[in-house]
Amino acid sequence: MQDFDVSSGSVIRRNELPTLQLVVPCYNEEAVLAESCRQFDQLLGRLIDAGKIAAASQVVFVDDGSRDKTWLLIEEETKRRPRAAGIKLSRNRGHQNAVLAGLMWSSADVVITIDADLQDDINVIETMIDRYGEGNEIVYGVRNDRSSDSVFKRNSAEFFYKLLAWFGVDLIHNHADFRLMSRRIIDALREYNEVNLYLRGIIP
């Protein structure tokens, strides 16, 4: 698990319980999928019981052309768990396209994208929902501790952010693809026709 902070965008007040879909891109995730599904399902159950999200909320696994048993496990989980759903891409399209496929398929009021490996702190999702309830359209999960990374990984990440900033790319520092987006933001995203998809640059 990693430590995360949240950073929020513009504010609009809300009243009704939102439907939430967790969009989880998957590529060769058979080793972790069952445990990931169990934890995501339990989290949704807690948020539903706490009156923070609607009962129709789901976790949606997007299989990005996996070569192992990922899709078979997704099918098993959707049969076992009513809150689980799956999307299978025809071939490997890459992480960003798998995330986008889940976003474009979603009909929920709120979507949170998160990787299947559970390296992101899923308990932060409740805070993200709270920020959405306060009226924020986008909420970013931002790592506040990189001490578990190697020196090379920390330095290369720092260089990467500085390089893209130099090129004028608007990025959220230490943010990957762990974020909440409202329906309004997803509808706006549909208007983009990027060939070289990079959501971390488009969303801000």
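Residue numbers (full-length UniProt numbering): 1 to 204. Even glycine gets a Cβ: it sits at the ideal position worked out from N, Cα and C.
Going by alpha carbons, who is nearest to residue i out of the options?
i	options	result
Leu89	Pro82, Val142, Ile74	Ile74
Arg190	Glu35, Gly141, Leu103, Ala108	Leu103
Val124	Ala31, Lys69, Leu43, Val60	Leu43
Asp41	Arg80, Phe178, Asn28	Arg80
Ile138	Ser106, Ile186, Arg93, Arg91	Ile186
Pro82	Ala56, Pro18, Asn92	Ala56
Ala31	Ala50, Gln58, Lys69, Thr127	Lys69
Trp105	Glu16, Arg183, Glu29	Arg183
Leu17	Asn28, Gly51, Gly45, Glu35	Gly51
Arg46	Asn28, Asn92, Val142, Glu126	Glu126
With C-beta atoms as the reference, is residue i less than 7 Å away from residue j?
i	j	result
Glu76	Cys37	no
Leu20	Ile48	no
Asp120	Phe178	yes
Ala85	Val111	no
Leu72	Tyr132	no
Rounded C-beta distance between residue i and residue j? I'm assuming under 8 Å.
i	j	result
residue 258	Gln39	Nothing about residue 258 can be read from this structure; the chain reaches only from 1 to 204.
Should residue i be counted as a contact of the ligand NAP given a C-beta to heavy atom distance under 6 Å?
i	result
Thr78	No copy of the ligand NAP appears in this structure; indeed no ligand is present at all.
- With contact counted as at least three CB pairs below 8 Å, one residue from each stretch, are the region 104-116 and the region 20-28 in contact? yes
- Cβ contact check for the region 61-69 and the region 83-97: 3 or more pairs under 8 Å: The answer is yes - the region 83-97 touches the region 61-69, with three or more Cβ pairs under 8 Å.
- Unbroken alpha helix (DSSP H) runs of length 4 or more, entirely within the region 25-88: which are they? 33-49, 70-80
- Message: Restricting to runs no shorter than 4 residues, where is the alpha helix (DSSP H) found entirely within the region 104-139?
- Response: 124-133
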